[in-house]
Amino acid sequence: MNIRNLVRPNIRDLKPYEPGKPIEEVQREFGLKAIVKMASNENPLGPSPLAVEAIKENLNRINLYPDGGGYYLKKRLACSLGVGEEQIILGNGSDEIIRMVVETFLNEGEEVVIAEPSFIIYQMAVKIANGKCQLVSLNNYQHDMESMARAIGERTKLIFVANPNNPTGTMVTKSEMESFLAKVPEGVITVFDEAYFEYIERDDFPETIKYIKEGAGIICLRTFSKIYGLAGLRIGYGISQPEIVTEMNRVRQPFNTNFLAQVAAMSALDDDEHLKKSREVNRAGKDFLYRELEKRKISYIPSEANFILIEVEDGARAASALLKKGIIVRDMSCYNLPNFIRVTIGTGEQNKKFIEELDGFS
Ligand SMILES: Cc1ncc(COP(=O)(O)O)c(C=O)c1O
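Using the working numbering, read the sequence shown as starting at 984 and increasing by one per residue.
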């Protein structure tokens, strides 16, 4: 039986998503003990300790199915964001919510406007649904919101904006977002993916939730995978109009977020100390890396998130040389940026090791 022939044509040529290499894989492959992972924009301080406590306390309840709707977590989020519970949807990571948005709204052949390069999962979700991606190049590594507005056509249904953008770390400002939204016709939903929201320090970052409260037909995505340190639990959330959330709940798997993830997420939201420390470590690490790169005349893109896009001669070569030294970073050729690596900001010690090893090979 020729299995390839059975596959839907739009899936046949889909490239599977390539995540950052897991620590254990690098240990096995290179026989190394100490590995520093700076590849997947995880929190180098680890998970929120309050979240870990909550998991321990609830371990003996995992024989029960979770509350699929995540009532208490949604209530907690709604309260802190000042929206209704019916405006929130939980996902198995924000990745799953991206899929749910596409599954709910996109008909075959309809178009989705996406920046290039941006988070690869948007394009994958659209291709799986047999939609069409309208790719709009970044301008100087930033979203070109005017060109994105011009790319909206008769068949456009969705727009994805990662803010800040992955892999560049650049952001769309409040005024750029406002003039963009004024040009988006009714019937087109814009998704603002704010996975790195908690790292933002600038005052001109848009208050996306405020536009939702004012009735804008947009979706805001956030996650517990980044600053809260819960990437392994897979939990994220979307905020939108109640009508949009109601429709998305039709495609949601009944138990899409697990019980331990829900209780951990709730406790992580209360963990102000972990949040504060994580922001401080990120700020200090960013300053250190900027300084050290500048000393070496290595170019980088200033970032609003917890990672930095760094220009090297050959990203694949740099990533592979660092890997042999036990440092996992991301080669950016899959994002059409072959002379860049993307490096997650680590702890002070990890950042220092990264710079030392970079010196060693460049
Ligand atoms: C912009 C962006 N959105 C979404 C995600 C996915 O996050 P999650 O772990 O919540 O699925 C990532 C992860 O790297 C990301 O960079």
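The C-beta atom is built at its ideal place from N, Cα and C for all residues, glycine as well. Quick caveat: nothing in here was measured; it's all calculated off a predicted structure.
Asked, Found
"Out of T1153, A1178, A1134, F1180, which has the shortest C-alpha to C-alpha gap to F1163?", "A1134"
"Closest to D1176 by CA distance: which of V1312, I1202, E1230, Y1054 is it?", "I1202"
"Counting Cβ pairs, one atom from each stretch, are 3 or more of them under 8 Å apart for the segment 1255-1262 and the segment 1037-1055?", "no"
"Can you name the residues that DSSP bridges to N1090?", "According to DSSP, which records beta bridges pairwise, N1090 is partnered with nothing at all."
"For the alpha helix (DSSP H) containing F1188, list its first residue and its last residue.", "Where F1188 is concerned, there is no enclosing alpha helix (DSSP H), given that its DSSP letter is neither H nor E."
"Does the count of Cβ pairs from the segment 1230-1242 and the segment 1288-1306 closer than 8 Å reach three?", "no"
"Quick one, which of I1080, L1121, G1065, E1197 has its alpha-carbon nearest V1109's?", "I1080"
"Mind checking which residues open and close the beta strand (DSSP E) that includes E1294?", "1290-1294"
"Please tell me whether, using a cut-off of 8 Å, the distance from the CB of R1217 to the nearest non-hydrogen atom of ligand 1 is below it.", "yes"
"For F1013, count the other beta carbons within 10 Å of its own beta carbon; 16 or more makes it buried, fewer makes it exposed. Which is it?", "exposed"
"Measure from the C-beta of I1192 to each C-beta in chain D and report whether the shortest distance is under 9 Å.", "Chain labels in this structure do not include chain D; a single protein chain is all it has."
"Can you give the beta carbon distance from Q1333 to P1027, rounded, assuming they're within the 8 Å contact cut?", "6 Å"
"What first and last residue would you give for the alpha helix (DSSP H) that runs through A1145?", "Per DSSP, A1145 belongs to no alpha helix (DSSP H); it is in the beta strand (DSSP E), 1139-1145."
"Does the segment 1279-1294 touch the segment 1055-1064, meaning 3 or more C-beta pairs lie closer than 8 Å?", "no"
"Taking the alpha helix (DSSP H) that V1109 falls in, what are its first and last residues?", "1103-1111"
"Roughly how many whole angstroms lie between the Cα atoms of A1017 and Q1245?", "32 Å"
"Apart from the five residues just before and just after L997, which ones in its own chain have a Cβ nearer than 8 Å to its Cβ?", "M1107, K1110, I1111"
"Using 9 Å as the threshold, is the C-beta distance between K1336 and V1019 below it?", "yes"
"Can you look up D1342 in the DSSP assignment and give me helix, strand or coil?", "helix"
"Looking at V1144 and S1208, is the spacing between their C-beta atoms short of 9 Å?", "no"
"Sort T1229, G1029, P1147, R1233 by Cα distance to E1287 and report the nearest one.", "P1147"
"In angstroms with no decimal places, state the Cα-to-Cα distance between I1092 and E1086.", "For clarity, residue 1092 is Gly in the given sequence; the question names Ile instead. Approximately 13 Å between the Cα atoms of the pair."
"Give the straight-line distance between the Cα atoms of E1339 and L1320, rounded to the nearest whole angstrom.", "24 Å"
"Let me check you understand the geometry: is the CB of G1076 closer than 8 Å to at least one non-hydrogen atom of ligand 1?", "yes"
"If distances are taken between C-alpha atoms only, which option among E1094, G1053, P992, Y1182 comes closest to E1263?", "Y1182"
"Roughly how many angstroms separate the alpha carbons of R1233 and R987, rounded to a whole number?", "31 Å"
"Could you tell me the alpha carbon to alpha carbon distance between M1154 and V1119, rounded to whole angstroms?", "16 Å"
"Which runs of the beta strand (DSSP E) spanning at least 3 residues fall entirely within the segment 1153-1239, listed in chain order?", "1172-1176, 1201-1206, 1219-1222"
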